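Enquirer:
2 protein chains.
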Amino acid sequence: MRLVIAECTINYSGRLTAHLPQATRLLVLKNDGSILVHSDSGSYKPLNWMNPPCTITVLEPGEEHAGLDVAEVWQVAQTKTADVLTVLIHRVLSDVSHELGDATGAEPGLVKDGVEAALQELLAEQIELLGEGFSLIRREYMTAIGPVDILARDASGAAVAVELKRRGDIDGVEQLTRYLELLNRDPLLAPVRGVFAAQEIKPQARKLAEDRGIECLLLDYEAMRGVESGAPKLF
Amino acid sequence: MRLVIAECTINYSGRLTAHLPQATRLLVLKNDGSILVHSDSGSYKPLNWMNPPCTITVLEPGEEHAGLDVAEVWQVAQTKTADVLTVLIHRVLSDVSHELGDATGAEPGLVKDGVEAALQELLAEQIELLGEGFSLIRREYMTAIGPVDILARDASGAAVAVELKRRGDIDGVEQLTRYLELLNRDPLLAPVRGVFAAQEIKPQARKLAEDRGIECLLLDYEAMRGVESGAPKLF
DNA sequence: TGCTCGATTTCGCCA
DNA sequence: TGGCGAAGTCGAGCA
Chain A
1 MRLVIAECTI
11 NYSGRLTAHL
21 PQATRLLVLK
31 NDGSILVHSD
41 SGSYKPLNWM
51 NPPCTITVLE
61 PGEEHAGLDV
71 AEVWQVAQTK
81 TADVLTVLIH
91 RVLSDVSHEL
101 GDATGAEPGL
111 VKDGVEAALQ
121 ELLAEQIELL
131 GEGFSLIRRE
141 YMTAIGPVDI
151 LARDASGAAV
161 AVELKRRGDI
171 DGVEQLTRYL
181 ELLNRDPLLA
191 PVRGVFAAQE
201 IKPQARKLAE
211 DRGIECLLLD
221 YEAMRGVESG
231 APKLF
Chain B
1 MRLVIAECTI
11 NYSGRLTAHL
21 PQATRLLVLK
31 NDGSILVHSD
41 SGSYKPLNWM
51 NPPCTITVLE
61 PGEEHAGLDV
71 AEVWQVAQTK
81 TADVLTVLIH
91 RVLSDVSHEL
101 GDATGAEPGL
111 VKDGVEAALQ
121 ELLAEQIELL
131 GEGFSLIRRE
141 YMTAIGPVDI
151 LARDASGAAV
161 AVELKRRGDI
171 DGVEQLTRYL
181 ELLNRDPLLA
191 PVRGVFAAQE
201 IKPQARKLAE
211 DRGIECLLLD
221 YEAMRGVESG
231 APKLF
């Protein structure tokens, strides 16, 4: 990885056109040829970037750069698309390279825990959270338009489709509506009720769901995990 | 901005729990207190990060780190939430700081062109792309559930609602469907037809749209821009 | 401030 | 490989 601190002007042309006026910035050149342009603020998203595969060509400034105080021109071109990032280097303040990775030179990679999959697993094991006498039919119940997160049976034996979200938005209600429409065409399952379960449900989503006769269920992830393990998971 | 190349082990606890095994990585510490952890591959998204406002505290290794070859412990805590990023520093290979920004120390910021807004502007000006004899009623036509991108009138005088996307997905069709349902309740407008216009339309979205009697229209941004300016915009 | 929607989204899964 | 849904999504615009 090569880290360059430089006064630069940047133009991007691809899905959109973008321009960065002259300023001092961090240029990160990764080993796969990709480049990130970071300023000292903003969040983790760079001001500009080019993702791999791409190639960097260093050019001498041409006539069009006369009088612009340009020392070098970097042409970063995407291999597969027509995207081009042009970096005009005015002054290089620092330029260092380092080898990253573990002993083998590879990045071990991130280990995650606690996303929607975990929520689904917990609700499947604690299916009675949906109501007394509920039983699980199956998780990821496949349909022609995609998998229903959880399919269950209520105390009376009627089928219930559950859509799970971390944050319950209007999109989730639409998704569940499409599943219910499809499931209710199956004479072996119909009538199928819907439950919209999430750690947080937006007011507009709740309203839309209730208008459509879909029940809303707030989930407490910490409590559900507590029931399961008795103690928070540590590394 | 401070750039540290270090052999490190990282744990994150917040919305999810994540772990990064020991390896050499780039740690970017921005002036606003935020931190990014980058490896030599992947795209612009860091392996781990903490966005501002947050504080970094450097601790001496405690008993729980005995035998783990830990030189320093960085506790990065979000000011508003309970998110915590713990960086175990095994070895620092490089540690440099630089002032970024322009002459005033500020980042001038990115200038963009060519997103959905531009597409909407172009289609409004070239409304005949919808069909012969079409006329514009207005852009961003407000309704109770949000603005319709473009409302037009066809040759026969009937209202047409247009939903614009760069990439036409199922969500866009759902959105247009909600607008049409609402607009068709207005006796002054009804009946209102729908047109789903995008640079690219996913097969599933096209199918859903056609099932609902919504017309699909592929847009050629480059061609539309060419009609408008006669020449591509340059910086 | 809260909500909605776009993004050069990126990322990961599954058919 | 392509399509699709989730993301520690982020960020802008608007009520």
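Sequences listed follow chains A and B, in order. Heads up: the first sequence begins at 1 in the UniProt record's numbering, then just goes up one per residue. Heads up: the second sequence begins at 1 in the UniProt record's numbering, then just goes up one per residue. Virtual Cβ for every residue (Gly too), placed ideally from N, Cα, C. What you are looking at is a predicted structure, and each value in this text was computed from that prediction instead of being measured.
(1) Residue 1 of chain B versus chain A: which residues are under 7 Å apart at the beta carbon?
(2) By the criterion of Cβ-Cβ separation under 7 Å, what are the contact partners of residue 192 of chain A in chain B?
(3) Which residues, taken in chain order from the stretch 213-228 of chain A, show a beta carbon closer than 7 Å to some beta carbon of chain B?
(4) To which residues of the same chain is residue 175 of chain B closer than 7 Å at the C-beta, ignoring the five residues directly before and after it?
(5) Could you name the residues of the stretch 74-93 of chain B whose beta carbon sits closer than 9 Å to any beta carbon of chain A, in the order they occur along the chain?
(6) Which residues does DSSP list as the beta-bridge partners of residue 165 of chain A?
(7) Using CA atoms only, rank isn't needed, just tell me which of A:48, A:88 and A:51 is closest to residue 66 of chain A.
(8) If distances are taken between C-alpha atoms only, which option among B:49, B:103 and B:19 comes closest to residue 26 of chain B?
(9) Can you tell which of B:199, B:9 and B:105 has the C-alpha that lies nearest to the C-alpha of residue 1 of chain B?
(10) Grab the span of the alpha helix (DSSP H) containing residue 178 of chain A for me, first residue to last.
(11) Beta-carbon of residue 169 of chain B versus every beta-carbon of chain A: anything under 8 Å?
(12) Throw me the rounded Cβ distance for the residue 57 of chain B and residue 79 of chain B pair, which I believe falls under 8 Å.
(13) What is the rounded straight-line gap between the Cα of residue 53 of chain A and the Cα of residue 15 of chain A?
(14) What do you reckon, are the CB atoms on residue 3 of chain A and residue 20 of chain B nearer than 8 Å?
(15) Considering only their Cβ atoms, is the gap separating residue 45 of chain A from residue 12 of chain B smaller than 8 Å?
(16) Less than 8 Å between the CB atoms is what I'm expecting for residue 214 of chain B and residue 195 of chain B, so what's the real figure, rounded?
(17) When the Cα atoms are used, what is the spatial distance from residue 183 of chain B to residue 153 of chain B?
(18) Would you mind stating whether residue 204 of chain A and residue 167 of chain A have Cβ atoms separated by less than 8 Å?
(19) Go ahead and label residue 209 of chain B buried or exposed: buried means 16 or more other beta carbons lie within 10 angstroms of its beta carbon, across all protein chains shown.
(20) Note down, in chain order, every chain A residue with its Cβ under 8 Å from the Cβ of residue 46 of chain B.
(21) For chain A, find out if any of its Cβ atoms is closer than 8 Å to the Cβ of residue 120 of chain B; answer yes or no.
(22) Tell me where the beta strand (DSSP E) around residue 78 of chain A begins and ends.
(23) From the beta carbon of residue 201 of chain A, is the nearest beta carbon of chain B less than 8 Å away?
(24) By alpha-carbon positions, which one of A:71, A:36, A:40 and A:70 ends up nearest to residue 85 of chain A?
(25) Note down, in chain order, every chain A residue with its Cβ under 8 Å from the Cβ of residue 101 of chain B.
(26) For the stretch 142-165 of chain B, which residues have a beta carbon sitting closer than 7 Å to at least one beta carbon of chain A?
(27) Take residue 40 of chain A and list the residues in its own chain whose beta-carbon comes closer than 6 Å to its own, dropping the five residues that flank it on each side.
(28) Along the chain, which unbroken stretches of the alpha helix (DSSP H) at least 4 residues long are found entirely within the stretch 94-128 of chain B?
(29) Between the alpha carbons of residue 69 of chain B and residue 90 of chain B, how many angstroms are there, rounded?
(30) In chain B, what lies closer than 8 Å to residue 65 of chain A by C-beta?
(31) Whose Cβ in chain B lies nearer than 7 Å to the Cβ of residue 32 of chain A?
(32) Since residue 113 of chain A meets chain B, which of its residues come closer than 9 Å, beta carbon to beta carbon?
(33) Buried or exposed, going by whether 16 or more other CB atoms sit within 10 Å of the CB of residue 6 of chain A?
(34) Going by DSSP, what residue range makes up the alpha helix (DSSP H) through residue 215 of chain B?
(35) Can you give the Cα-Cα distance for residue 191 of chain B and residue 142 of chain A, rounded to whole angstroms?
(36) With a threshold of 8 Å between beta-carbons, can residue 5 of chain A be considered close to chain B, or not?
Expert: A quick look at the data gives this:
(1) Neighbours of residue 1 of chain B on chain A, chain order: 26 and 40.
(2) Correct list: empty, because the minimum Cβ distance to chain B is about 20 Å.
(3) none
(4) 163
(5) Against chain A - using a Cβ distance shorter than 9 Å - the residues of the stretch 74-93 of chain B are 93.
(6) A:198
(7) A:88
(8) B:49
(9) Residue 1 of chain B has its Cα closest to that of B:105, out of B:199, B:9 and B:105.
(10) Counting along the chain, the alpha helix (DSSP H) containing residue 178 of chain A begins and ends at 170-183.
(11) no
(12) Not confirmed; about 12 Å, so no contact.
(13) Their backbone Cα atoms lie some 16 Å apart in a straight line.
(14) Taking 8 Å as the Cβ cut-off, residue 3 of chain A and residue 20 of chain B do not qualify as a contacting pair.
(15) no
(16) Taking a contact as a CB-CB distance under 8 Å, the pair residue 214 of chain B and residue 195 of chain B counts as one, their CB atoms being some 7 Å apart.
(17) Cα-Cα distance, rounded: 14 Å.
(18) no
(19) buried
(20) Residues of chain A whose Cβ lies closer than 8 Å to the Cβ of residue 46 of chain B are, in chain order, 44.
(21) no
(22) 72-78
(23) no
(24) A:36
(25) Per Cβ cutoff of 8 Å: 23, 24, 39 and 40.
(26) Taking a C-beta cut-off of 7 Å against chain A, none of the residues of the stretch 142-165 of chain B qualify.
(27) none
(28) If we require 4 residues or more, the alpha helix (DSSP H) runs fully inside the stretch 94-128 of chain B come out as 116-125.
(29) 6 Å
(30) By Cβ distance, chain B contributes nothing, its closest Cβ being about 12 Å from residue 65 of chain A, past 8 Å.
(31) Here the neighbours are 41.
(32) Those within 9 Å of residue 113 of chain A in chain B are 16, 17, 18 and 19.
(33) Residue 6 of chain A comes out buried.
(34) First-last for residue 215 of chain B: 215-218, but that is the beta strand (DSSP E), not the alpha helix (DSSP H).
(35) 37 Å
(36) yes
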